[in-house]
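Okay, so here's the structure we're looking at.
2 protein chains.
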Amino acid sequence: MRIAVLGVGLIGGSIGLAARTRAGASVRGYDPDPGVLARALALGAIDEQAEHIADAVAGAEVVFVAAPVGELLSAVMQALAAAGPDCVVTDVGSTKRVLARAGADERFIGGHPLAGAETAGVEHAREDLFDGATWYLTPAQGSTAGVLYERLHRLLSSLGAQPTAIDADTHDRLMACVSHLPHVLANVIVGQAASLLASESPKRLPAVGPSFRDAARVAGANSAIWTDIYMSNSDALIAGIDELTARLSVVRESLAAGDAGAITAWNERARGEREELLGPGLLGAGAGAASIHELRASVPNRPGVIAEIALALGRAGVNIADMALSPSEDNRQGVVALWIGGDEQAALAMQLIAELGIPVAQA
Amino acid sequence: MRIAVLGVGLIGGSIGLAARTRAGASVRGYDPDPGVLARALALGAIDEQAEHIADAVAGAEVVFVAAPVGELLSAVMQALAAAGPDCVVTDVGSTKRVLARAGADERFIGGHPLAGAETAGVEHAREDLFDGATWYLTPAQGSTAGVLYERLHRLLSSLGAQPTAIDADTHDRLMACVSHLPHVLANVIVGQAASLLASESPKRLPAVGPSFRDAARVAGANSAIWTDIYMSNSDALIAGIDELTARLSVVRESLAAGDAGAITAWNERARGEREELLGPGLLGAGAGAASIHELRASVPNRPGVIAEIALALGRAGVNIADMALSPSEDNRQGVVALWIGGDEQAALAMQLIAELGIPVAQA
Chain L
1076 MRIAVLGVGL
1086 IGGSIGLAAR
1096 TRAGASVRGY
1106 DPDPGVLARA
1116 LALGAIDEQA
1126 EHIADAVAGA
1136 EVVFVAAPVG
1146 ELLSAVMQAL
1156 AAAGPDCVVT
1166 DVGSTKRVLA
1176 RAGADERFIG
1186 GHPLAGAETA
1196 GVEHAREDLF
1206 DGATWYLTPA
1216 QGSTAGVLYE
1226 RLHRLLSSLG
1236 AQPTAIDADT
1246 HDRLMACVSH
1256 LPHVLANVIV
1266 GQAASLLASE
1276 SPKRLPAVGP
1286 SFRDAARVAG
1296 ANSAIWTDIY
1306 MSNSDALIAG
1316 IDELTARLSV
1326 VRESLAAGDA
1336 GAITAWNERA
1346 RGEREELLGP
1356 GLLGAGAGAA
1366 SIHELRASVP
1376 NRPGVIAEIA
1386 LALGRAGVNI
1396 ADMALSPSED
1406 NRQGVVALWI
1416 GGDEQAALAM
1426 QLIAELGIPV
1436 AQA
Chain B
1076 MRIAVLGVGL
1086 IGGSIGLAAR
1096 TRAGASVRGY
1106 DPDPGVLARA
1116 LALGAIDEQA
1126 EHIADAVAGA
1136 EVVFVAAPVG
1146 ELLSAVMQAL
1156 AAAGPDCVVT
1166 DVGSTKRVLA
1176 RAGADERFIG
1186 GHPLAGAETA
1196 GVEHAREDLF
1206 DGATWYLTPA
1216 QGSTAGVLYE
1226 RLHRLLSSLG
1236 AQPTAIDADT
1246 HDRLMACVSH
1256 LPHVLANVIV
1266 GQAASLLASE
1276 SPKRLPAVGP
1286 SFRDAARVAG
1296 ANSAIWTDIY
1306 MSNSDALIAG
1316 IDELTARLSV
1326 VRESLAAGDA
1336 GAITAWNERA
1346 RGEREELLGP
1356 GLLGAGAGAA
1366 SIHELRASVP
1376 NRPGVIAEIA
1386 LALGRAGVNI
1396 ADMALSPSED
1406 NRQGVVALWI
1416 GGDEQAALAM
1426 QLIAELGIPV
1436 AQA
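Top line first, the protein sequences correspond to chains L and B. Throughout, the numbering used here is defined as the position within the first sequence, counted from one, plus 1075. Throughout, the numbering used here is defined as the position within the second sequence, counted from one, plus 1075.
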């Protein structure tokens, strides 16, 4: 099989590596940066360098467009213009409706692998980058190009990915909800907390529980990437903000009415939804979220202390489902929150941590 | 000094232990549960058991009311009725304006230690529970009872805490913002994601980035505790929801207007606020958040793997500022996100993890 990869960074390079070694494909690559293209060749991510898009695409059966969001539509349209009638063109962009115009062409099927980061370079490319990863495909409604879809699906499976069809609108709303909206909320909540401490200098929060730290972790993510992401999915993100606002106003009404029953029912529903969406966590025993225990250990702030805890638990076969660290105000010590599945495992973890001389309590 | 502790669970018991051993105080305890009271005596958390509130309070110079939120006001009023004219009465509840009525009495000073959990029992009580913890105090505006405040402040310092005066309204808004609102948002966002996957069964999310997992971690927290917390601080929480909604609508406007400059400015502001509020993280070198690197390592899902990574980094003196785990869909492997401060430390961490044979990339 002949494939073309347009843009050979981390994702394009990993596609090339996996396609060559796992699918026996011959890969022709193009990148606007000749240095990047040469590195891709040196690293074995491509078989041949192409001088321009049309050159790369000529004779290909599958074309992957792995260009940055801002240049994506233009690159896809150029690829379609150069591609043969039996060639499938796909992309790896994180929002899909921006390519609606390309979608009018039955040879185009949008794609989005949930792996890697758009910024990292080809030197980080890996043959196994897509192992087990969901790879969304957004075929146009009513498309008759079944043979093209089937070819792309089979190729992605051989790269190690799990191809999953989804309509472009649902995809973009899902990404808005599970990625873009959490970033927006993180930005908003740090602004709100900062304004409450407006009269203080420095505005350092006391060592509150880990919930705020979790909520704020991604605040102020790299603007060079995130402004583009927000703008390219702005309408789905706006719809997500509107839905969130409506959901908040329902909670607000229950609070204003003093309706404890409604608040409890809403909270219990959220518990079930969380478990269904995220599963029981990184657990060995497959225990349910209902039996997950949160332990809090007070640790001195020095390298190695996390290792001591993790090692003691690992040696005893206790799996850590999740972990969050919070330093104390003076940065001399901190609290490590650990989530452990299963009553016995949690009790064992408590004992092991206490034996290290580290104060620990169940939260 | 004679002190009384009303309610001898984790917090009351820890106050008793610390007051006896560190402040040389004599502690009389009361608890509605005689079994708990007997355990507190056996564990050395109190010197004497009292039969009722008035008995415990008689002759005390400081009274700590550590009752559950629902019984707090009644217990405080009983304590004030029994206390002498030179006795200071305080509490440890997580919302403060509910005690406004008690605040009319100059002998009452509200308190809230940021340590421990209200549910855990006296068997988890520790003398060092409050070491380094902020302990908020909410003296009434214009109170003239300076000598009582000074006595309480000195006692809390000797327990290891950092007493910090704050007005009750700001305290409750701060708790709404840094604790209650993150819990509300977690509940709301899992509901929103679940509704997007309404047609799927099971509604399992693909392995998205850690931002959703962080945002959803506390969703559906224990209703037996959280319904009371939400209801007891409902007006500050409503105000928090309203402010958040207003802040979201500003972002919404920038998105709708396609104003990338405004989005970038807002995001950069959030970065600064996050760093100011939370500090540089659990770091050795005091590096700023701007130089924090996020690494992602793909690991098999088995006990001990976190330890291997943490140990390798700890041995080399690399401090892990933060860590989040995400299992893959099939639960066979997962991604560990690690935040490391400083360019050199991050590069060293990449190298050490790669040397373990674990694929790692910078996000």
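For glycine and all other residues, C-beta sits at the position ideal for the given N, C-alpha and C. Computed from a predicted model, the values in this text were never measured in an experiment.
Per the C-alpha coordinates, the member of L:Gly1315, L:Ala1179 and L:Ala1150 positioned closest to Gly1082 of chain L is L:Ala1150. By alpha-carbon distance to Ala1115 of chain B, the top candidate from B:Leu1174, B:Met1398, B:Ile1086 and B:Val1259 is B:Ile1086. Between the region 1224-1241 of chain L and the region 1385-1398 of chain B there are fewer than three inter-stretch CB-CB distances shorter than 8 Å, so the stretches are not counted as touching. With the criterion set as a beta carbon lying under 7 Å from some beta carbon of chain B, the region 1160-1176 of chain L has no members that meet it. The shortest CA-to-CA distance from Asp1289 of chain B to any of L:Ile1313, L:Pro1277, L:Asp1310 and L:Pro1257 is the one to L:Pro1257. Contact between the region 1198-1216 of chain B and the region 1138-1158 of chain B is absent: fewer than three C-beta pairs spanning the two stretches fall below 8 Å. Per DSSP, reduced to three states, the secondary structure at Val1080 of chain B is strand. When C-beta atoms of the region 1268-1277 of chain L are compared with those of the region 1333-1352 of chain B, three or more pairs fall below 8 Å, so the two segments count as touching. Separation of the CB atoms of Ala1372 of chain L and Val1411 of chain L is rounded to 5 Å, and the pair is thereby assigned contact status at 8 Å. DSSP places Pro1375 of chain L in the strand class (E or B) of the three-state scheme.
When C-beta atoms of the region 1235-1255 of chain B are compared with those of the region 1306-1320 of chain L, fewer than three pairs fall below 8 Å, so the two segments do not count as touching. Taking a cut-off of 8 Å for Cβ pairs, the region 1158-1165 of chain L and the region 1103-1110 of chain L do not touch, as fewer than three such pairs fall below it. Proximity of Ser1233 of chain B to chain L, defined by a Cβ-Cβ separation below 8 Å, is not satisfied.
Using a Cβ-Cβ cut-off of 7 Å, Leu1330 of chain L is close to Tyr1305, Ser1309, Leu1312 and Ile1313 of chain B, given in chain order.
Note on Asn1262 of chain L: 16 or more other CB atoms within 10 angstroms of its CB, so buried under the neighbour-count rule.
For Arg1327 of chain L and Val1167 of chain L, the gap between their C-alpha atoms comes out near 40 Å.
For His1258 of chain L, the chain B residues whose C-beta falls within less than 7 Å of its own C-beta are Ser1286, listed in chain order. At a Cβ-Cβ threshold of 8 Å, Ala1120 of chain B and Gly1099 of chain B do not count as neighbours.
Taking 8 Å as the cut-off, the beta carbon of Thr1170 of chain L is found closer than this to the beta carbon of Met1250 of chain L.
Legend: CB atoms of the region 1417-1438 of chain L lying less than 8 Å from CB atoms of chain B belong to residues Pro1434, Ala1436, Gln1437 and Ala1438. With respect to the 8 Å criterion, Leu1353 of chain L and Ala1273 of chain B are not classified as neighbours on the basis of their beta carbons. Exclusion of the five residues before and after Ala1208 of chain L leaves Pro1188, Leu1189, Ala1190, Gly1235, Ala1236 and Gln1237 as the residues of its chain whose Cβ lies within less than 8 Å of its Cβ.
Taking the Cα positions, Arg1103 of chain L is about 11 Å away from Met1076 of chain L.
DSSP, reduced to helix, strand and coil, places Asp1303 of chain L within a helical segment of the structure shown. Here Gly1315 of chain L is not near Ala1243 of chain L, since their CB atoms are 8 Å or more apart.
For Arg1279 of chain L, the number of other beta carbons within 10 angstroms of its own is below 16, and it is reported as exposed. For Ser1149 of chain L, no Cβ of chain B is located within less than 8 Å of the residue's own Cβ.
In the displayed model, Gly1416 of chain B falls within a strand according to three-state DSSP. An exposed status is given to Gly1336 of chain B, since fewer than 16 other beta-carbon atoms sit within 10 Å of its beta-carbon. Separation of the CB atoms of Arg1201 of chain L and Pro1277 of chain B is rounded to 30 Å, and the pair is thereby denied contact status at 8 Å.
By alpha-carbon distance to Leu1431 of chain B, the top candidate from B:Val1140, B:Leu1413, B:Leu1388 and B:Gly1417 is B:Leu1388. The criterion of a C-beta distance shorter than 8 Å is not satisfied by Ala1157 of chain L and Ala1141 of chain L.
In the DSSP annotation of this structure, Pro1109 of chain B is not part of any beta strand (DSSP E); the continuous alpha helix (DSSP H) holding it starts and ends at Pro1109 to Ala1117. Assigned with DSSP and collapsed to three states, Phe1139 of chain B falls in strand. Within its own chain, the residues whose Cβ lies closer than 7 Å to the Cβ of Val1374 of chain L, once the five positions on either side in sequence are excluded, are Val1380, Gln1408, Gly1409, Val1411 and Ile1433, listed in chain order.
Rounded to the nearest whole angstrom, the C-alpha separation of Ile1264 of chain B and Ala1117 of chain B is 46 Å.
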